[in-house]
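Undergrad: Encoded as C-alpha cells, here's the structure I'll be asking about.
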Amino acid sequence: MSKSAAAGDKTAQPFLTDVKTLRERARKHLADGAVTSTYVGDVKRTIDILQSVLATEIVCVLRYTMHSIAASGISSDSVREEFAEHAEEEREHMTAVAERINQLGGKPNFNPEGLASRSASQYAEGENLVDMIKENLIAERIAVDHYRELIRFFGDDDITTRVMLEGILVTEEEHADDMHDLLIAHEGTPMLPDK
Ligand SMILES: [Fe+2]
Ligand SMILES: [Fe+2]
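First residue of the sequence shown: 5, per this note's numbering; consecutive thereafter.
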C-alpha cells in the first residue's frame, strides 16, 4: 500500500471498506452475482417475499387489462384509458420485481398455477363500470398497505429492494387516488362503504 493510501485510510471515513478489500471480496463468490457479503438481508426470504409481490403485480396487470377491454357504458372511454395506463404501469412493476428476483439468484415465478394464492390482491372482474373501479381501488389499497409494510421490513438490510418498492409504492398511491377520483365521478360517493 502506498504512503498516501495509508494516510488516506486514517483520514477517510473509517466505516468505509478500503478499495483493496472490496475488490478481493468482489472476486470471491462470483456465482452470487449481485449478492455480496455486505448484503445483510436473508436472500432466500427476500426472494420468497418478492415472489408474492411478483404475483400481486401479475394479478394487477391481468385485472386492469381485462377491465380496460370489458369496461362499457356511458363515459367509459376515459375510464378504459385509465385502466389501460394502469395495466402498463403494473407491467413495469412486474418486470422490475422479476428482474430483482433474478439479480438475487432466484427464478421469477410466472407459473399461472397458484398465482391467485401467491398474490396479496385478488383478481375480481366486477359486474359493471363502478364495480370495476371499486375492485381496483380495493386492490390498490391492499398493495399500498402491503408495500408500506415491506419497505419498513427491508429497511437498510436490502436497500435496493427497498428503493424499488418505494418507487412502486408511489405509483400505487397514485393509482388508488385515480380510482378514488373515478369512483366519485361515477358514483358521487366520497368514501368506500363499510363492509
Ligand atoms: Fe403495481
Ligand atoms: Fe397499482
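Idealized CB from N, CA, C, for every residue including glycine. Keep in mind that this is a model prediction, so the values were computed, not measured.
Quick check: the segment 83–93 against the segment 41–56, are at least 3 beta-carbon pairs closer than 8 Å?
TA: Contact fails: fewer than three Cβ-Cβ distances are below 8 Å.
Undergrad: Where do the ends of the alpha helix (DSSP H) carrying Tyr151 lie?
TA: Along the sequence shown, read from residue 1 onward, the residue named residue 151 stands at position 147. Note, Tyr151: alpha helix (DSSP H), Leu133 to Phe158.
Undergrad: Please check the pair Leu263 and Ala102, which I expect to be a contact at CB under 8 Å, by giving their CB distance rounded to whole angstroms.
TA: As displayed, the chain neither begins before 5 nor continues past 199, which places residue 263 out of reach and without an answer.
Undergrad: Out of Ile163, Ser82, Asn113 and Thr42, which one is the CA nearest neighbour of Thr25?
TA: Taking the sequence shown and counting its residues from 1, the one referred to as residue 25 is at position 21. Out of Ile163, Ser82, Asn113 and Thr42, the CA that lies nearest to the CA of Thr25 is found in Thr42.
Undergrad: When the Cα atoms are used, what is the spatial distance from Asn113 to Met136?
TA: Position 109 of the sequence shown holds residue 113. Position 132 of the sequence shown holds residue 136. Looking at the two C-alpha atoms, the distance is approximately 27 Å.
Undergrad: My output table needs one value for Thr50: the three-state DSSP class, helix, strand or coil.
TA: Position 46 of the sequence shown, counting from 1, holds the residue named residue 50. The answer is helix: DSSP assigns Thr50 an H, G or I state.
Undergrad: Are Glu144 and Ala180 close, meaning C-beta to C-beta below 8 Å?
TA: Counted from its first residue, the sequence shown places residue 144 at position 140. Counted from its first residue, the sequence shown places residue 180 at position 176. Their beta carbons are under 8 Å apart, which means Glu144 touches Ala180 by this criterion.
Undergrad: Are there 16 or more other CB atoms within 10 angstroms of the CB of Asp185, so buried, or fewer, so exposed?
TA: To locate residue 185, count along the sequence shown from 1; it is residue 181. Counting Cβ neighbours within 10 Å, Asp185 comes out exposed, since fewer than 16 surround it.
Undergrad: Determine the direct distance from the alpha carbon of Leu108 to that of Val39, and round the result to whole angstroms.
TA: Residue numbering aside, residue 39 sits at position 35 when the sequence shown is read from its first letter. Residue numbering aside, residue 108 sits at position 104 when the sequence shown is read from its first letter. If you take the alpha carbons of Val39 and Leu108, they lie about 6 Å apart.
Undergrad: Determine the direct distance from the alpha carbon of Ser80 to that of Glu129, and round the result to whole angstroms.
TA: Counted from its first residue, the sequence shown places residue 129 at position 125. Counted from its first residue, the sequence shown places residue 80 at position 76. Glu129 and Ser80: Cα-Cα distance of roughly 16 Å.
Undergrad: Give, in chain order, every unbroken run of the alpha helix (DSSP H) that is at least 4 residues long and sits entirely within the segment 81–135.
TA: The segment 81–135 contains these whole alpha helix (DSSP H) runs: 119–122.
Undergrad: Let me confirm a value: Lys111 is counted as buried when at least 16 other C-beta atoms fall within 10 Å, else exposed. Which label applies?
TA: What you label residue 111 is simply residue 107 of the sequence shown in a count that begins at 1. Label assigned to Lys111: exposed.
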